[in-house]
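Top line first, the protein sequences correspond to chains A and B. Numbering-wise (my numbering), the first sequence opens with residue 1 and increments by one. Numbering-wise (my numbering), the second sequence opens with residue 1001 and increments by one. Here a beta-carbon is modelled for each residue, glycine too, at the ideal position from N, C-alpha and C. Accompanying notes for the structure given below.
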Amino acid sequence: MSLFSNLHRETKFLAKQRNLQLLFATIFVLSCFAVWSGISETTSQITTIERLIEKDTIDREGVLAKQSDYGSAAYYSFHLTYSSPSNMAFAAIGQRDIYPWKHRIRMLAIEGQIYETDADNPELSFLGRFDFAFLVSVLLPLFVILLLHDIRSVEREAGRYDLLVTTSKRQQRLWFSRAIVMCSALSIALILPFIAGALYTQASLATTGLMLLVVLGHITIWMTLTLTFTASKAAVKQSSAKIASMLLAVWLAVAVLVPVISNIAIEKMVTSPKGGDILLTQREAVNDAWDLPYSATWDEFLSTHPQWKNGIDMGPTFEWKWYYAFQQVGDQKASKLSNAYREATLKKDKLASHFAWLSPPMLTQRLMSSIAQTDTYAAMRYEQNIRNYHKELREFYYPLFFTENTFNLDKMSELPKFSDHKEKSKG
Amino acid sequence: MKAITKVARDEWRFWHRTKLAATIIVIGTILTIASAVINTIKMQEAMHERQHLQQSSEAQFLDQPDRHPHRMVHYGHYVFRTPSTLSIIEPGVDAFTGTAVFLEGHRQNSAMFAEQRQASGMTRFSSLTPSFLLQVLVPLFIILIGYGSVTREKEAGTINIMVTQGFNVWYLILGKYIALVACALLMLLPLIVAAIWATFNGESALITSSFVSGYIFYILVWSGIVLAVSTLSSKNSTSFASLVAIWIMLCILIPRIGSSSAAALAPTAGKLEADFSVLEELRKLGDGHNATDPAFEQLKKNLLVKYNVDSVEDLPINFRGTVAQYSEEKLTIVLNQFAEKRMIEELSQAKIARQLGWLTPTTALRSFSMTVSGTSLETHHRFLREAEQLRYDFVQSLNNAHQNILSYQADINRHKDNAAARVSADNWQVLSSFSFKPDTAQTRLTRSLVYGGQLLFWLVVVLVVLRFAVRRVR
Chain A
1 MSLFSNLHRE
11 TKFLAKQRNL
21 QLLFATIFVL
31 SCFAVWSGIS
41 ETTSQITTIE
51 RLIEKDTIDR
61 EGVLAKQSDY
71 GSAAYYSFHL
81 TYSSPSNMAF
91 AAIGQRDIYP
101 WKHRIRMLAI
111 EGQIYETDAD
121 NPELSFLGRF
131 DFAFLVSVLL
141 PLFVILLLHD
151 IRSVEREAGR
161 YDLLVTTSKR
171 QQRLWFSRAI
181 VMCSALSIAL
191 ILPFIAGALY
201 TQASLATTGL
211 MLLVVLGHIT
221 IWMTLTLTFT
231 ASKAAVKQSS
241 AKIASMLLAV
251 WLAVAVLVPV
261 ISNIAIEKMV
271 TSPKGGDILL
281 TQREAVNDAW
291 DLPYSATWDE
301 FLSTHPQWKN
311 GIDMGPTFEW
321 KWYYAFQQVG
331 DQKASKLSNA
341 YREATLKKDK
351 LASHFAWLSP
361 PMLTQRLMSS
371 IAQTDTYAAM
381 RYEQNIRNYH
391 KELREFYYPL
401 FFTENTFNLD
411 KMSELPKFSD
421 HKEKSKG
Chain B
1001 MKAITKVARD
1011 EWRFWHRTKL
1021 AATIIVIGTI
1031 LTIASAVINT
1041 IKMQEAMHER
1051 QHLQQSSEAQ
1061 FLDQPDRHPH
1071 RMVHYGHYVF
1081 RTPSTLSIIE
1091 PGVDAFTGTA
1101 VFLEGHRQNS
1111 AMFAEQRQAS
1121 GMTRFSSLTP
1131 SFLLQVLVPL
1141 FIILIGYGSV
1151 TREKEAGTIN
1161 IMVTQGFNVW
1171 YLILGKYIAL
1181 VACALLMLLP
1191 LIVAAIWATF
1201 NGESALITSS
1211 FVSGYIFYIL
1221 VWSGIVLAVS
1231 TLSSKNSTSF
1241 ASLVAIWIML
1251 CILIPRIGSS
1261 SAAALAPTAG
1271 KLEADFSVLE
1281 ELRKLGDGHN
1291 ATDPAFEQLK
1301 KNLLVKYNVD
1311 SVEDLPINFR
1321 GTVAQYSEEK
1331 LTIVLNQFAE
1341 KRMIEELSQA
1351 KIARQLGWLT
1361 PTTALRSFSM
1371 TVSGTSLETH
1381 HRFLREAEQL
1391 RYDFVQSLNN
1401 AHQNILSYQA
1411 DINRHKDNAA
1421 ARVSADNWQV
1431 LSSFSFKPDT
1441 AQTRLTRSLV
1451 YGGQLLFWLV
1461 VVLVVLRFAV
1471 RRVR
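Take a look at the structure:
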C-alpha cells in the first residue's frame, strides 16, 4: 500500500463521518467569525485615524489663525500621532487593545503627556478578544486533541486494532496518514477564512506566508505530540477518555500554567520604576521652576542646548522661551526614570520571548502578533515615534522662541508632520 | 434518601480507587489555594502601596511653600483607586484600567499606568487569579471527574440491572450529582476561606455570602451539565468528547465572542475623538488664564455694577481669581457632559457583552462576580466620578483664595515681584483626603440581580435537561 492510497482511503473514511464534518464546519464558522471581527476592528481603526487626521488639521489651523505669538501657538495647538494597523493586524489584535495607537501631543513636557491613554473599554479587554491568533494559539491544540486522541484506542475498543496492525505493511504509516488527513481538514477549515481575509486587506504575500507557516507549524507540533503519546506505553490499554485527559493536562500545563508561572518569574526578575514616580518627578521639576530663579532653569537647559546661550535674557514680564525651557528641563530630570521604565518593559518582553519556548501556544501567539506588528515591541516603537516627533517640534519652535521673531502664520506651514514609520520587514 | 447517600458514597469510593479523579481533585484544590494565596498577597500589597501613595501625595500637596494659588491649581494632586476587599478573589478590570489619576485645573486626565501595559503579555489568556481558575478551569476538572458517572455504569451494564430491579433512576442520578457537587465544592474551599477573611476585613456579610452563593450555583450548573451529558451518552468516549466540546464553547469561546461582538456592534468614538468637540466647546468659553478675554466681558460688567466701581482695579476682589473660578465652573460642566456620555457608552458596550450570560453560565458568573465584588466597570466609573468631584472642589477652593486673598495689584505684577504674588501655605489645607470605597452593598447587589438571574436560569435549564435525560434511561 502506498502512502497515497492510504491517504485516499482515509479521506473517504472522513467523508462518511457526520460528527467530524460537524466539528470541521464549526471550526470553519469560528475562523470566519474571528477573521470578520478582526477586519471589522482594524477597518474601524483605519477610518478613525482618517477622521482624526482630518479633524486634527482643521482644528490646528483654526487655533493657529487666532494666535499672535509663537509661544501661544505652541501652547494651544495639538498634534495628532497615530499607529495604523498593518494589513495583517486583523489576524492578531495583539496588544493593540491595551497600548494606545493614537495620541495627541503638544509642546509641553512629553513625560507629562505620554502616559495618557485612550485605551479600549477595560471590561472588554479583560474578557479578551476572539481573534484568529487566539483561535490558532489556544484552541487549535484542543481541536487536535479532540480529533486524534482516540486514533488508536477507538480501533482497540472496536476490536479492530490487532487486525489492522497485522494486515498493514507498515503500521506507523496507517496512523500517520489518518492523522495527516484529519489535520489537513482542520487546517483547511482554519486557513480558508484567513486567506480570504488576507486577500481582502491586501496583506503582502510574505507576511501571509509567514502566518500560514506558524499555523501549520503549531498544528504539526500538536499532531506529533498526540501521535507520539497515543503510541507510547503510557497510552496502551488506556481508554480514549483517559488518553484525552492526559493530553488535556499537557495543554493545561503549556497554555495556562507555563505562561502564568513565567509571568511571576518575569515580574521577579525585572525591577521597573513606578510609572507614578516619573510623573511626580516631572511635575515637581516643572512646578518648582516657577518659583526658582531663572538661572536654575537656564543652567539645566543650556547643558543640553548650548546653542541658545545668547538668547536667555529675560524681560520684566513672562516669556514663553523660559516656560518651554523648564518644560524641557522637566523632561530631562525625568528621563533617567522614564528610560528605565521603557527598558524594563522591553526587558520583560524579551524575557517573555525566551519563556515562550516552553509553551507552543504562547510562542505561536507571540510570533503571530509579531508578524502582524501588534506586539509590545510595535507599541514601544510607536511610543518612540511620538517622542521623535515631539523632538522635531521642539527643534522647529526653539529657533522661533530664542531669536526675535514676530508671529508669521506662513511659517506655521513648515511645522513638522507626523509620519507613521513602520518597520518594512522584520528580520 | 438512604439510597441516594449510598450511591454518593459509592461514587466517592470509586474515585478514591481510580487515581485519576483523586489526582484532579488534589491538583484543582492546590491550584486554587496557591492562586488565592498569591493573589491575596498581591492585592494586599497593591492596597497598601496605593494607600501609602495616596497619603504621601496628600502630604506633599500640603507641604508646598507659599505660592501663587494658581501654581497649586497646576501643581495638582494624585488620587489612587484602592482595590475592593473581594478583589483578592476577583480582581476584575483592576489590571486593565489605570489605577491613578492626576488631578489638575482645566483638565480631566484619564487613569494612568494600567498594570497590563507593563506586564509581560503572558497573562492575556490565563491568569493565576482564583476567579479564572474557578470560572474556567474548575468546570474542566468537573468534566474530567464526572464524564463517566453514568456511561461507566452503561458500559459495565450495571445500570440495566438496577433499572430492572426497580431501583429509581432519580436516586442514582441524585446520588451521583451530590457526589460530584461535593467534589467540586472541595475546590471552592479556598474561595470560602477568602470570603470569610474578607468579611472580617470589613466587607459586608451579605456581599460575601452572595458572592460565594454565585460560585456554588455555578458548580451546581456545571455538575448538572456533566451528569446530563453522561446520562444521555452511550459511551464514555462520546460523553467525554461532547463535554470537552461544550466546555470549549461555554467557557472560552462565547465570552470572547461576546466581547468581540460588543466592540463591533457598539463602537465607541474614543476619548481622543471626543476631545475635539470638547476643545471646540471650551474655546467658546474663553481661556481662564486671560482675564482680558472678550468672553469675560459680561462678567466684568456685572461685577462693576454690583460693586459700583469703574474699573477692575477698584474691585474689592481679585478679578483674575473671579475669572479663573468662573471659567473653571463653565468648563467643568462641559467636561462632565462629555465624560458622562463616554462612560454611558462604555457601560452599554460592556452590557452587550454581559448579555451573553444567557448563552453561557461562565459570562453570567463573571458578570455576577465582578459586580458583587465591586471590580466591574461601574466601580471604575465611580472612581473617576469621585476623583472629578475632588478635583473640582480643590481647584475651586484655590481659585477662591486667588479671588479673595491675593490682591489684584500683586497679581498683575507677579512677574516683576514674584514674592509678593503669593498666598500663605495655610490655604493648601482645602484639599480633602481621598479614600476610595466601592459602592454600597445594596447598590452592588441590585446591580448584580440580572446576572444572578442568569445563573438561576441556567440552573433551571440544566435541571430540565437532566429530567429529560433521566426519562430516556427509563
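Query	Result
Whole angstroms are fine: how far does the CA of P416 (chain A) sit from the CA of L1253 (chain B)?	46 Å
Is it true that the CB of R1444 (chain B) sits closer than 8 Å to the CB of T1375 (chain B)?	no
Using CA coordinates, which residue listed in B:G1175, B:P1255, B:L1265 is at the minimum distance from T1362 (chain B)?	B:P1255
What is the residue span of the alpha helix (DSSP H) that I219 (chain A) lies within?	205–231
Note down, in chain order, every chain B residue with its Cβ under 8 Å from the Cβ of R129 (chain A).	R1256, S1259, S1260, A1263
Name the residue from A:H354, A:T364, A:R283, A:L146 whose alpha carbon lies nearest to the alpha carbon of A109 (chain A).	A:R283
Between which two residues does the beta strand (DSSP E) containing V1101 (chain B) stretch?	1100–1104
Just to confirm, does I180 (chain A) get its C-beta within under 7 Å of one of the non-hydrogen atoms of the ligand ZN?	The model on display carries no ligand, and the ligand ZN is accordingly not part of it.
Decide if the stretch 1443–1462 of chain B is in contact with the stretch 1218–1231 of chain B; the criterion is three or more beta carbon pairs, one per stretch, under 8 Å apart.	yes
Measure the C-alpha to C-alpha separation of H305 (chain A) and E404 (chain A) and round it to an integer number of angstroms.	18 Å
What residue from A:K237, A:T220, A:E267, A:G94 has the CA that sits closest to D375 (chain A)'s CA?	A:G94
Closer than 9 Å between beta carbons: that is the criterion. Which residues of the stretch 117–128 of chain A meet it against chain B?	T117, D118, A119, D120, N121, P122, E123, L124, S125, F126, L127, G128
Can you find the residues in the same chain that come closer than 6 Å, C-beta to C-beta, to L174 (chain A), ignoring five residues on each side of it along the sequence?	S168
Give the secondary structure of Q202 (chain A) by DSSP, where H, G and I count as helix, E and B as strand, and everything else as coil.	coil
Can you give me, in chain order, the residues of the stretch 1130–1150 of chain B that have a beta carbon less than 8 Å from any beta carbon in chain A?	L1137, L1140, L1144, Y1147, G1148
Can you tell me where the beta strand (DSSP E) holding H103 (chain A) begins and where it ends?	102–105
Mind the definition here: the stretch 123–138 of chain A touches the stretch 64–75 of chain A only if three or more C-beta pairs lie below 8 Å; say whether that holds.	no
Evaluate T1292 (chain B) with the Cβ neighbour count: other Cβ atoms within 10 Å of its Cβ, from every protein chain shown; 16 or more gives buried, anything less gives exposed.	exposed
Give me the chain B residues within the contact set of V138 (chain A), using Cβ-Cβ distance strictly less than 8 Å, ordered along the chain.	F1125, I1252
Do you know how far the Cα of T1123 (chain B) is from the Cα of H1074 (chain B)?	37 Å
Put R1067 (chain B) into one of helix, strand or coil per three-state DSSP.	strand
Just checking, does the stretch 1346–1366 of chain B make contact with the stretch 1238–1253 of chain B on the three C-beta pairs under 8 Å criterion?	yes
Given R1422 (chain B), which residues of its chain have a CB within under 6 Å of its CB, disregarding the five upstream and five downstream residues?	D1066, R1067, H1068
In three-state terms, what does DSSP make of D1010 (chain B)?	helix
With DSSP collapsed to three states, give me the class of M1001 (chain B).	coil
For the alpha helix (DSSP H) containing L80 (chain A), name the first residue and the last one.	Counting along the chain, L80 (chain A) falls outside any alpha helix (DSSP H), though it belongs to the beta strand (DSSP E) covering 79–82.
Between the stretch 1327–1355 of chain B and chain A, which residues of the former have CB atoms less than 8 Å from a CB of the latter, in chain order?	E1346, Q1349, A1350, A1353
Between K424 (chain A) and L1137 (chain B), what straight-line distance do the alpha-carbon atoms span, to the nearest angstrom?	In this predicted model, K424 (chain A) has a pLDDT of only 46, less than 50, meaning its place in the structure is not dependable; the value taken from the coordinates is given anyway. Near 41 Å, if we compare the C-alpha coordinates of L1137 (chain B) and K424 (chain A).
DSSP three-state call for K426 (chain A): helix, strand or coil?	The predicted model places K426 (chain A) with a pLDDT of 38, which falls under 50 and marks its position as unreliable; any figure quoted below should be read in that light. Coil.
Just mark Q1337 (chain B) as buried or exposed, buried being the case when its beta carbon has 16 or more other beta carbons within 10 Å.	exposed
Are there 16 or more other CB atoms within 10 angstroms of the CB of S1259 (chain B), so buried, or fewer, so exposed?	buried
Compute the beta-carbon to beta-carbon distance between H79 (chain A) and F418 (chain A), rounded to the nearest angstrom, for a pair I have assumed lies under 8 Å.	6 Å
Are the beta-carbon atoms belonging to Y389 (chain A) and T81 (chain A) less than 8 Å from one another?	yes
Spell out whether any CB of chain B is found under 8 Å from the CB atom of M88 (chain A).	no
Quickly, what does DSSP pair Y1078 (chain B) with across the bridge? List them, please.	B:F1102
For E1388 (chain B) and F1211 (chain B), I'd like the C-alpha separation in whole angstroms.	30 Å
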